[in-house]
Every structure is written in C-alpha cells, then in structure tokens.
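Just so we're aligned: 439 in the numbering used here is position 72 of the sequence shown, and the numbers increase by one with no gaps anywhere. Just so you know, even glycine gets a beta-carbon here, dropped at the ideal spot from N, CA and C.
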Amino acid sequence: MQNSYAEELDQCRQALIEEQNHSLASTAQWSHVDKRQAHADWDALYQRLAQLVDRSPAQADEVQALMAQHYAIASRFFRPSKQAYIGMALFYAENTEMRNFHNSYHPNMVRFLREAMAAHAHQML
Numbered sequence: 368m369q370n371s372y373a374e375e376l377d378q379c380r381q382a383l384i385e386e387q388n389h390s391l392a393s394t395a396q397w398s399h400v401d402k403r404q405a406h407a408d409w410d411a412l413y414q415r416l417a418q419l420v421d422r423s424p425a426q427a428d429e430v431q432a433l434m435a436q437h438y439a440i441a442s443r444f445f446r447p448s449k450q451a452y453i454g455m456a457l458f459y460a461e462n463t464e465m466r467n468f469h470n471s472y473h474p475n476m477v478r479f480l481r482e483a484m485a486a487h488a489h490q491m492l
C-alpha cells in the first residue's frame with residue numbers, strides 16, 4: 368500500500384513537470400501572463416488564507432472557495448490537471464524556496480495548502 372501511495376505522489380510530481388514544461392515551451396515562457404499581477408493576486412490570496420490556517424479545516428467551504436481562486440490564478444500560466452495540481456502542492460512543500468515563501472505568510476501555510484489543494488483537486492478536477 369505504501370508503494371502505491373508513493374507511486375501516486377511521484378506521478379503527481381511528474382505530471383506537474385510535464386505540464387509546466389509543455390506550457391512553457393508552447394507559450395514562449397508564459398509570455399501571455401501578466402506575472403506581476405498574478406503574483407500580486409497570489410499575495411492577496413495567501414494573506415486571506417493565512418487568517419484561516421488556525422481556524423478552518425482545509426476542506427471548509429470558505430477555504431475551498433479561496434482554493435478555486437488559487438487554481439484560477441495558476442491557470443493563467445497553464446490549466447493543471449488533477450495530478451499536476453497535487454504535484455504543485457508537493458512542490459510547495461519539497462522546494463526550500465517555495466516552502467519558505469509560502470510559510471512566510473503563516474508557519475503552517477504549506478501544510479495547509481497541501482491539504483486544501485488536494486481537497487480541491489479531488490472535488491473539482
């Protein structure tokens with residue numbers, strides 16, 4: 368059972384890499400995206416999410432509404448599949464710079480995002 372779960376997570380990591388690379392190659396490095404605006408929108412979203420980390424479960428409707436916004440912002444770059452979106456949550460946790468960035472909003476933000484993104488992926492994608 369453990370190997371199956373580990374394999375599923377590896378498939379999610381691989382899906383993220385493949386989908387991002389395909390998107391980067393086909394869009395001239397995401398030249399169609401206003402990156403400054405996307406990052407400003409993520410900043411505002413993470414500030415709102417930080418207020419919920421200690422008081423709402425990741426599956427709560429309020430959190431999931433914000434995760435729909437998170438997915439919409441990510442979709443400006445490319446529309447992640449269910450697996451790639453879960454892979455993105457794993458990337459946030461496993462990449463030191465991304466982990467530090469997200470946890471700067473709240474010390475448990477990455478853990479919270481991982482749960483919230485997985486819930487969003489399973490419910491909506």
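- Secondary structure of A395 (DSSP, three-state): coil.
- Burial is judged here by how many other beta carbons sit within 10 angstroms of a residue's own beta carbon; M484 has at least 16 and is buried.
- The C-beta distance from A460 to V477 rounds to 5 Å, short enough to meet the 8 Å contact threshold.
- Rounded to whole angstroms, H469 and E374 show a C-alpha spacing of 26 Å.
- Rounded to whole angstroms, the Cβ separation of V400 and R446 is 13 Å, and the two are not in contact under 8 Å.
- Considering only Q450, N467, P474, the residue with the shortest C-alpha distance to I384 is Q450.
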